[in-house]
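As numbered in full-length UniProt numbering, the sequence shown has no gaps in its residue numbers, which increase by one up to the final residue, 185.
In what follows, a structure is listed as structure tokens, so that the remarks can point back to it.
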Amino acid sequence: MSISSPQPLPQPTDSAVGTGGTVTDRLVEANRRYAAEFQDPGMDARPVLRVAVVACMDARLDLHEALGLELGDCHTIRNAGGVVTDDVIRSLTISQRALGTRSVVLIHHTGCGLLNLTEDFRHELEDEVGQRPSWAVEAFKDIDADVRQSMQRVRTSPFLLHTEDVRGFVFDVTTGLLREVQPRG
Ligand SMILES: [Zn+2]
1 MSISSPQPLP
11 QPTDSAVGTG
21 GTVTDRLVEA
31 NRRYAAEFQD
41 PGMDARPVLR
51 VAVVACMDAR
61 LDLHEALGLE
71 LGDCHTIRNA
81 GGVVTDDVIR
91 SLTISQRALG
101 TRSVVLIHHT
111 GCGLLNLTED
121 FRHELEDEVG
131 QRPSWAVEAF
141 KDIDADVRQS
151 MQRVRTSPFL
161 LHTEDVRGFV
171 FDVTTGLLRE
181 VQPRG
């Protein structure tokens, strides 16, 4: 059994991709229009609000809109699940030590693709391609427990300078509302 998409994916329509081009061609075209209007904001690379947001890559989660963020306000670090992996710690370490952020906001969400996966994904992948991935799937069943685990990984990292202001949330993709997850203890 293939472990790629369990359901047929919606096909992009012609109007979505533009006539004759790929989706990337459409993005490049949009960028030309963006750049035509663009004015150099003269910003520093250090985020204005000194905050790093770690979130799932989910397409329904518009972090800037959902959190009232403007260009230049924050670092956004995204991956499947918004899980705090070693590579997220790498980005947070650079964010804090080289670019001055102090607060960390973690955002997972309802309906996450990782809720339907297990570590079997990894074994099936190994069976299919003959190579074991070096990474964990980081699948989870209990979203609050996973947010707590991510908070704990940030708080206990020896590489980070600032671990006092670390808060975790679940974003509801149907209401747009954040619900805070309280750390245990
Ligand atoms: Zn997700």
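Here a beta-carbon is modelled for each residue, glycine too, at the ideal position from N, C-alpha and C.
Remember, it's a predicted structure, so these values are computed and weren't measured experimentally.
Item, Value
"State whether the region 48-68 contacts the region 82-98, with contact taken as three or more CB pairs (one from each stretch) at a distance under 8 Å.", "yes"
"If you drop the 5 nearest sequence neighbours on each side, which residues of the same chain put their C-beta closer than 6 Å to that of Val48?", "Gly72 and Asp73"
"Taking the continuous alpha helix (DSSP H) assigned at His123, which residues delimit it?", "Asp120 to Val129"
"First and last residue of the beta strand (DSSP E) that includes Leu178?", "Leu178 to Val181"
"Closer than 8 Å by C-beta to Met1: which residues in its own chain qualify, once you throw out the five before and the five after it? Chain order, please.", "With a pLDDT of 37 at Met1, under the threshold of 50, the predicted position of this residue should be treated as unreliable, though the coordinate-derived value follows. Glu124, listed in sequence order."
"Relative to the C-alpha of Met43, which candidate in Phe159, Ala35 and Glu70 has its C-alpha closest?", "Glu70"
"Give a yes or no on whether the C-beta atoms belonging to Arg167 and Leu117 are separated by under 9 Å.", "no"
"Just the Cα atoms here: how many angstroms apart are Arg122 and Val129?", "11 Å"
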